[in-house]
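A.B. asks: What follows is a structure written as structure tokens; I'll ask about it next.
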Amino acid sequence: GMVSNWTRIPPPLFKKVVIVLIDALRDDFVFGSKGKQFMPYTRQVIEKGTSYSFIAEAKPPTVTMPRIKALMTGSIPGFIDVIVNLNSPALLDDNLIWQAKTAGKRIIFYGDDTWIKLFPKHFVEYDGTTSFFVSDFTEVDDNVTRHLDKVLKREDWDLLILHYLGLDHIGHVTGPNSPLVGPKLREMDNIVKKIHISLVSKEEASLPNLLVVCGDHGMSETGSHGGSSEGEVHTPLLFISSAFEKRNGLLTQPELVQQTDLASTLAVGLGLPISRNSVGNLILPVVGGKTMREQLRFVHLNGFQLSRLLQENTPAYEKDPGYEHFKIAEKSHGNWIKLYLEGNNSEILLNLGKKVLRQYLEALKTLSSSLSKQVAQYDMYSMMVGTVIIMEVLLLLLLSVPKALSSQAEFEVPLSLPLFSLLFYLMCLMLCAIHVIVCTSARNLCYFCSVSWLTAVGVMMLISALMCVILSAIAKIFDNSRLPLKNPVVSSSSWSEIDVLILAGTFGHVLSLGASSFIEEEHQTWYFLINTLCLVLCQELCRNNFLLEECGPQHSTTVKQNFDSIGEASKCKNIDIPGADNSKLGKATSSAEFIKGSDKWISLASPWIILICCRLLRSLNQTGVQWAHRPDFGHWL
Numbered sequence: 172g173m174v175s176n177w178t179r180i181p182p183p184l185f186k187k188v189v190i191v192l193i194d195a196l197r198d199d200f201v202f203g204s205k206g207k208q209f210m211p212y213t214r215q216v217i218e219k220g221t222s223y224s225f226i227a228e229a230k231p232p233t234v235t236m237p238r239i240k241a242l243m244t245g246s247i248p249g250f251i252d253v254i255v256n257l258n259s260p261a262l263l264d265d266n267l268i269w270q271a272k273t274a275g276k277r278i279i280f281y282g283d284d285t286w287i288k289l290f291p292k293h294f295v296e297y298d299g300t301t302s303f304f305v306s307d308f309t310e311v312d313d314n315v316t317r318h319l320d321k322v323l324k325r326e327d328w329d330l331l332i333l334h335y336l337g338l339d340h341i342g343h344v345t346g347p348n349s350p351l352v353g354p355k356l357r358e359m360d361n362i363v364k365k366i367h368i369s370l371v372s373k374e375e376a377s378l379p380n381l382l383v384v385c386g387d388h389g390m391s392e393t394g395s396h397g398g399s400s401e402g403e404v405h406t407p408l409l410f411i412s413s414a415f416e417k418r419n420g421l422l423t424q425p426e427l428v429q430q431t432d433l434a435s436t437l438a439v440g441l442g443l444p445i446s447r448n449s450v451g452n453l454i455l456p457v458v459g460g461k462t463m464r465e466q467l468r469f470v471h472l473n474g475f476q477l478s479r480l481l482q483e484n485t486p487a488y489e490k491d492p493g494y495e496h497f498k499i500a501e502k503s504h505g506n507w508i509k510l511y512l513e514g515n516n517s518e519i520l521l522n523l524g525k526k527v528l529r530q531y532l533e534a535l536k537t538l539s540s541s542l543s544k545q546v547a548q549y550d551m552y553s554m555m556v557g558t559v560i561i562m563e564v565l566l567l568l569l570l571s572v573p574k575a576l577s578s579q580a581e582f583e584v585p586l587s588l589p590l591f592s593l594l595f596y597l598m599c600l601m602l603c604a605i606h607v608i609v610c611t612s613a614r615n616l617c618y619f620c621s622v623s624w625l626t627a628v629g630v631m632m633l634i635s636a637l638m639c640v641i642l643s644a645i646a647k648i649f650d651n652s653r654l655p656l657k658n659p660v661v662s663s664s665s666w667s668e669i670d671v672l673i674l675a676g677t678f679g680h681v682l683s684l685g686a687s688s689f690i691e692e693e694h695q696t697w698y699f700l701i702n703t704l705c706l707v708l709c710q711e712l713c714r715n716n717f718l719l720e721e722c723g724p725q726h727s728t729t730v731k732q733n734f735d736s737i738g739e740a741s742k743c744k745n746i747d748i749p750g751a752d753n754s755k756l757g758k759a760t761s762s763a764e765f766i767k768g769s770d771k772w773i774s775l776a777s778p779w780i781i782l783i784c785c786r787l788l789r790s791l792n793q794t795g796v797q798w799a800h801r802p803d804f805g806h807w808l
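Per this note's numbering, the very first residue in the sequence shown carries number 172; after that it's consecutive.
Next up, the structure:
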């Protein structure tokens, strides 16, 4: 009737949907020469079958968990998701899986267990595979495929998701040009063929089925991923269904869409609400076979969802070009509906409908772009203030390292002099002036500008104080370095080889965590550092015991003069010297004859005992990726 029903969710367009997600599937693996050679069935469906093919662009970071979030929520995950990628917590945002479960859809999942962590208790049946055994190219996919024959015969499911990891593992270990890539692509092609034939054979007259083939990310020329190179961000996206028109046999360059568009498209296809935070657009060819009224209804639903998201996140949303375009398209849509309800079926109605559709698509594109920019916009000023404080504290800690590692283990921080200096007050004034300029000229909301002025001034004083303290500490270190040493035998602030090794090892370990391969083999870094540390300790003990023993006679003549300093040094060398009383001096020197007897040999043997124990522990259980297949004591036991 005359009452609008646009707020209701449209009925589903497909009965069953199967999503085949092939990890690290690059676009040229399907559309390039490799696809033609190793994926003949998929290429035949793309060129001559009932399908639509696209290149989906993924936003960095191109790692699995953020990409699954993007595919299922339609939102753009941030770089913090790289960190939680290793231990994925449950996804609490509105998403396609939750909407499908709420609507009573029965979902089955097989593949990467990241999905099970993100969507706990959402699947009626599941079997997870781990993604960290990177040298496993076969079992990790066989454990997914072994369920296929039984599941495809059953009718008790609505959504089937398969996530294959083998191709990603091959890329990590041997690269995209490896001879192992071809057979793996052929295996994936056979799986697509099996699923497609099964879905077509079981179709009913009422609703068709849909097969979606996609990748979460691509891979670089070295086989890794995570960055923003073309190979890493471009993945194929295929929609295969008997509801679509047959292709003409010519493979043209696929249209570029956003990876986030899949969530909106599948929501419409399954008759579900579009996820609340989705910034994706409906991929129109997928619903292109429907009537003009239905197509306009679908794009209006998508536009309404995006405009509502814009209202929630932008105070001046009415001035946004995308919102203005959407309102114009909505008005034109109302005029089209009036003509339609009057029974006008002329060419004018069709042309007006096409015009309204173009207006909606333009509005969707602009709205999605505006929202994507907001998501990728970071509060740079607040981040810079925090970074400056952290770097100042870090520098102060580094300046204290030589003193902290000395025998006294103390570092004097000069406070009174810097805090009452002219530099401190000048810095405070300069930083406050910068704060006023930034906060009065900032167009976007800034957290640090929203705090009270008292808090902001306090933070500026903290930054100024830390800077003055650092400068004062550096000046003091330079002054001390110019003074002659009172005691040449022992220097409390000199760096030993162990100090340098600990510092270099810590920095090296932190830097190594910047690469996923070093994270997978982190134990190798620890083995190297522990072995090196033990050998340096052994060298230090030998030098303390034997070299000092050789210079014993000369040293005994100066014991009385340097007794106090040697007493201090003996604390870190385990030399037991009693009090500095002259009457007890003979007893002290006799009892401190440089660790004679059993204690000396125990201290010398301890690093070698530790090395032997470490070697046994290494052989107890082979871990990591590269040598996990090697025999170890754990297997024999």
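Virtual Cβ for every residue (Gly too), placed ideally from N, Cα, C. Owing to the predicted nature of the structure, the values given are computational and were not obtained by experimental measurement.
What does the Cβ neighbour count give for K502, buried or exposed, with the cut at 16 atoms within 10 Å?
C.D. replies: exposed
A.B. asks: From the DSSP output, which residues share a beta bridge with L481?
C.D. replies: According to DSSP, which records beta bridges pairwise, L481 is partnered with nothing at all.
A.B. asks: In the structure shown, what three-state DSSP assignment does L409 receive?
C.D. replies: DSSP places L409 in strand when its eight states are reduced to three.
A.B. asks: Is it buried or exposed, E426, if we count other Cβ atoms within 10 angstroms and call 16 or more buried?
C.D. replies: exposed
A.B. asks: Jot down the residue ranges of each uninterrupted alpha helix (DSSP H) in the segment 343-375, minimum 4 residues, whole runs only, in chain order.
C.D. replies: 352-372
A.B. asks: Is H405 closer than 8 Å to R134 when the C-beta atoms are compared?
C.D. replies: Outside the displayed range of the chain (172 to 808) lies residue 134, so it cannot be described from this structure.
A.B. asks: Using CA atoms only, rank isn't needed, just tell me which of G505, N448 and L480 is closest to R468.
C.D. replies: Checked all of G505, N448 and L480; the closest Cα to R468 is G505.
A.B. asks: If contacts are defined as beta-carbon pairs under 8 Å, then N448 and D432 qualify, I think. What distance do you get, rounded to the angstrom?
C.D. replies: That pair is no contact at about 14 Å.
A.B. asks: Whole-angstrom Cβ separation of V428 and V546, contact assumed at under 8 Å?
C.D. replies: The pair is not a contact, with the Cβ atoms about 18 Å apart (cut-off 8 Å).
A.B. asks: When burial is assigned at 16 or more other CB atoms within 10 Å of the CB, is H806 buried or exposed?
C.D. replies: exposed
A.B. asks: Any contact between the segment 192-212 and the segment 379-388? By contact I mean 3 or more CB pairs, one from each, below 8 Å.
C.D. replies: yes
A.B. asks: If we call anything under 8 Å between Cβ atoms a contact, is L788 one with D803?
C.D. replies: no
A.B. asks: Helix, strand or coil for V622, going by three-state DSSP, please let me know.
C.D. replies: coil
A.B. asks: Can you look up S543 in the DSSP assignment and give me helix, strand or coil?
C.D. replies: Note: S543 maps to helix in three-state DSSP.
A.B. asks: Touch check for the segment 509-523 and the segment 479-497: three-plus C-beta pairs under 8 Å?
C.D. replies: no
A.B. asks: Out of Q530, L565 and T485, which one is the CA nearest neighbour of F678?
C.D. replies: Of the listed residues, the one whose Cα sits closest to F678 is L565.
A.B. asks: Note down, one range per segment and in chain order, each alpha helix (DSSP H) of at least 4 residues found wholly within the segment 489-536.
C.D. replies: 492-512
A.B. asks: Work out the CA separation of F410 and P456 for me, nearest whole Å.
C.D. replies: 10 Å
A.B. asks: The beta strand (DSSP E) spanning E228 covers which residue range?
C.D. replies: Following the DSSP letters along the chain, one finds E228 inside the beta strand (DSSP E) bounded by residues S222 to E228.
A.B. asks: Measure the beta-carbon distance from F185 to L441 and round it to whole angstroms, keeping in mind my assumption that it falls under 8 Å.
C.D. replies: 7 Å
A.B. asks: Round the Cβ separation of P181 and S399 to the nearest angstrom and send it over; I've been treating them as touching at under 8 Å.
C.D. replies: Contact flag wrong, Cβ pair sits at about 36 Å.
A.B. asks: Identify which residue in C620, S621, S623 and F591 has its Cα closest to the Cα of L637.
C.D. replies: F591
A.B. asks: Under a Cβ-count criterion, where at least 16 other Cβ atoms within 10 Å of its own Cβ denotes burial, should H694 be classed as buried or exposed?
C.D. replies: Taking all protein chains shown into account, H694 has fewer than 16 neighbouring C-beta atoms within 10 Å of its C-beta and is therefore exposed.
A.B. asks: Quick one, which of G275, L528, A487 and E533 has its alpha-carbon nearest Q466's?
C.D. replies: L528
A.B. asks: Could you name the residues that DSSP lists as bridge partners for K417?
C.D. replies: T221
A.B. asks: Look at N266 and S539 and say whether their C-beta atoms are less than 8 Å apart.
C.D. replies: no
A.B. asks: Identify the residues that DSSP records as bridge partners of Y281: which are they?
C.D. replies: D298 and L333
A.B. asks: Can you find the residues in the same chain that come closer than 6 Å, C-beta to C-beta, to K373, ignoring five residues on each side of it along the sequence?
C.D. replies: Hits under 6 Å: none found.
A.B. asks: Using 8 Å as the Cβ pair cut-off and three pairs as the minimum, do the segment 362-372 and the segment 210-219 touch?
C.D. replies: Taking one beta carbon from each stretch, the segment 362-372 and the segment 210-219 have 3 or more pairs nearer than 8 Å; the two touch.
A.B. asks: Look at V470 and L532 and say whether their C-beta atoms are less than 8 Å apart.
C.D. replies: Cβ distance < 8 Å, so V470 and L532 count as in contact.
A.B. asks: Run through DSSP, which three-state label would Q424 get?
C.D. replies: Looking at Q424 - three-state DSSP - the assignment turns out to be coil, as it is neither helix nor strand.
A.B. asks: Please check the pair V315 and G342, which I expect to be a contact at CB under 8 Å, by giving their CB distance rounded to whole angstroms.
C.D. replies: Their Cβ separation, rounded to whole angstroms, is 18 Å, which puts V315 and G342 out of contact at 8 Å.
A.B. asks: For L192, write down the residues that DSSP places opposite it in a beta bridge.
C.D. replies: H334 and C385
A.B. asks: Going by DSSP in three states, Q695 sits in which element: helix, strand or coil?
C.D. replies: helix
A.B. asks: Using DSSP bridges, identify the partner residues of W429.
C.D. replies: Reading off the sequence, residue 429 comes out as Gln, not Trp. Answer is E228.
A.B. asks: Expressed to the nearest angstrom, what Euclidean distance is found between the alpha-carbon atoms of F582 and L569?
C.D. replies: 11 Å
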